[in-house]
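What follows is a single structure, written as structure tokens, with notes after it.
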Amino acid sequence: MATDDPKPSTVAQALAAGIALGIDRLDAQLLLLHALGRAPHDRAWLLAHDTDAMPDTAWSTLSAQLSRRLAGEPVAYLLGEKEFHGLDLRVDARVLVPRPDTETLVEWALQCLEGQAAPRVLDLGTGSGAIALALQHARADARVDAVDASADALAVAQANARRLGLPVRFALADWLDGADTGYTVIASNPPYIAANDPHLPALRHEPVSALVAGADGLDDIRRIVRHAPAHLSEGGWLLLEHGHDQAAAVRQLLAERGFAEVQSRDDLAGIQRCSGGIWRTVK
Numbered sequence: 464m465a466t467d468d469p470k471p472s473t474v475a476q477a478l479a480a481g482i483a484l485g486i487d488r489l490d491a492q493l494l495l496l497h498a499l500g501r502a503p504h505d506r507a508w509l510l511a512h513d514t515d516a517m518p519d520t521a522w523s524t525l526s527a528q529l530s531r532r533l534a535g536e537p538v539a540y541l542l543g544e545k546e547f548h549g550l551d552l553r554v555d556a557r558v559l560v561p562r563p564d565t566e567t568l569v570e571w572a573l574q575c576l577e578g579q580a581a582p583r584v585l586d587l588g589t590g591s592g593a594i595a596l597a598l599q600h601a602r603a604d605a606r607v608d609a610v611d612a613s614a615d616a617l618a619v620a621q622a623n624a625r626r627l628g629l630p631v632r633f634a635l636a637d638w639l640d641g642a643d644t645g646y647t648v649i650a651s652n653p654p655y656i657a658a659n660d661p662h663l664p665a666l667r668h669e670p671v672s673a674l675v676a677g678a679d680g681l682d683d684i685r686r687i688v689r690h691a692p693a694h695l696s697e698g699g700w701l702l703l704e705h706g707h708d709q710a711a712a713v714r715q716l717l718a719e720r721g722f723a724e725v726q727s728r729d730d731l732a733g734i735q736r737c738s739g740g741i742w743r744t745v746k
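The opening residue of the sequence shown carries number 464 in our numbering; numbering runs sequentially from there.
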């Protein structure tokens, strides 16, 4: 932001200044609350205190954050946290920002676990730990394992698990290499963006290794589909998040590998966001 811009004198003026820069209103509210030392869910406080004086130190912090947001940095990185499936996760540039779309995968996994006593679950490419921690939180009786090929990502996930008091077991691994067997559900939100996707520049602040998977974006999904059956229990489910236009291709991969009941699930926007199938050794 320009150094000669006048400093807003009130909380309301500070919010208006952020919006005037082209920042989304919700983003501006979250960053303003953060600068003022308030919780991100405390937006009602802004209305009740819109005439409060804007402290110089808070404006200095907010001004810097607004500049970073204008440069494309995710709000979750600026706040250092992101809510996912009712859990407050700490996130930074070592991991992808958890998206609400991925809650579709979590809800489907929980449905697959219904009626299963002490089920075993594996989260592939756990990142911040979002999927594994959400499943462990919802099913305290489950044994949840999570792997990632990035030691940096695992450090974030393990810190989230410790802070939330959830006993997920983490391991450094390349997808299913060295994984155990007998899982009730294997769930994954793998990289699925094509290498030449025009949307990639907008994601430049997030780790590219967690985003891109070959020329068509399906390289990692192919690998998971190929190897998952050896790690599933009889009647176990493989559930995969994928791109908005990849459902048919992923269903085909699952069917060709021999999965049954292959299907897709829509996210909140009505987009086929996840596909999966059940593994039966007796066909």
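Where is the CB? At the ideal position from N, CA and C, for every residue including glycine.
Nearest to ASP487 by alpha-carbon distance, out of ASP515, ALA527, GLY535, LEU499, is GLY535. Counting only unbroken stretches of 3 or more residues, the beta strand (DSSP E) elements lying wholly within the stretch 658-730 are 695-704, 723-729, in sequence order.
At the C-beta level, ALA507 and TRP522 stay beyond 9 Å of one another. ALA622 sits away from ARG562, with the two beta carbons spaced by 9 Å or more. Secondary structure within the stretch 498-561: the alpha helix (DSSP H) runs of 4 or more consecutive residues, fully enclosed, are 506-511, 519-533, 538-542 (chain order).
When DSSP states are grouped into helix, strand and coil, LEU598 belongs to the helix group. Two segments are said to touch when three or more pairs of C-beta atoms, one from each, lie closer than 8 Å; by this definition the stretch 652-661 does not touch the stretch 571-585. Taking the Cα positions, LEU510 is about 24 Å away from LEU533. Per DSSP, VAL569 is one residue of the alpha helix (DSSP H) stretching across 566-576. In the three-state reduction of the DSSP assignment, ASP586 falls in the strand class. At a Cβ-Cβ threshold of 9 Å, VAL688 and PHE722 count as neighbours.
Assignment of GLN476 by DSSP, reduced to helix, strand and coil, places it in the helix class. One Cα belongs to GLU704, the other to SER472, and the distance between them is close to 46 Å. Beta-bridge partners of ILE649 (DSSP): LEU585, LEU701. In this structure ASP643 touches HIS694 by the C-beta definition: roughly 7 Å separates them, less than 8 Å.
Contact check for ALA556 against GLU669 passes: the beta carbons are separated by less than 9 Å. Cβ-Cβ distances below 7 Å link ALA475 to ASP513, THR514 in the same chain, with the five nearest sequence neighbours on each side left out; the list follows chain order. Remark: C-beta atoms of ALA612 and ASP586 do not approach each other more closely than 9 Å. If you look at ALA609, you'll find it in the beta strand (DSSP E) that goes 606-611. The shortest CA-to-CA distance from LEU702 to any of TYR646, THR520, GLY680, ASP551 is the one to TYR646.
Pairing LEU568 with ARG720 gives a Cβ-Cβ distance that is not under 9 Å.
According to DSSP, SER738 shares a beta bridge with LEU703, SER727. Taking THR565 as the centre and dropping the five residues before and after it, the same chain places the C-beta of ALA593, ILE594, ASN652, GLU704 closer than 7 Å to its C-beta, in chain order. Within the same chain, Cβ atoms closer than 6 Å to the Cβ of VAL675 are found at PRO654, ILE656, ALA658, the five residues on either side in sequence being excluded. Looking at the backbone, the Cα of ARG531 and that of GLU546 are separated by about 21 Å. In chain order, ILE649, LEU701 place their CB closer than 6 Å to the CB of ALA691, counting only its own chain and leaving out the 5 sequence neighbours on each side.
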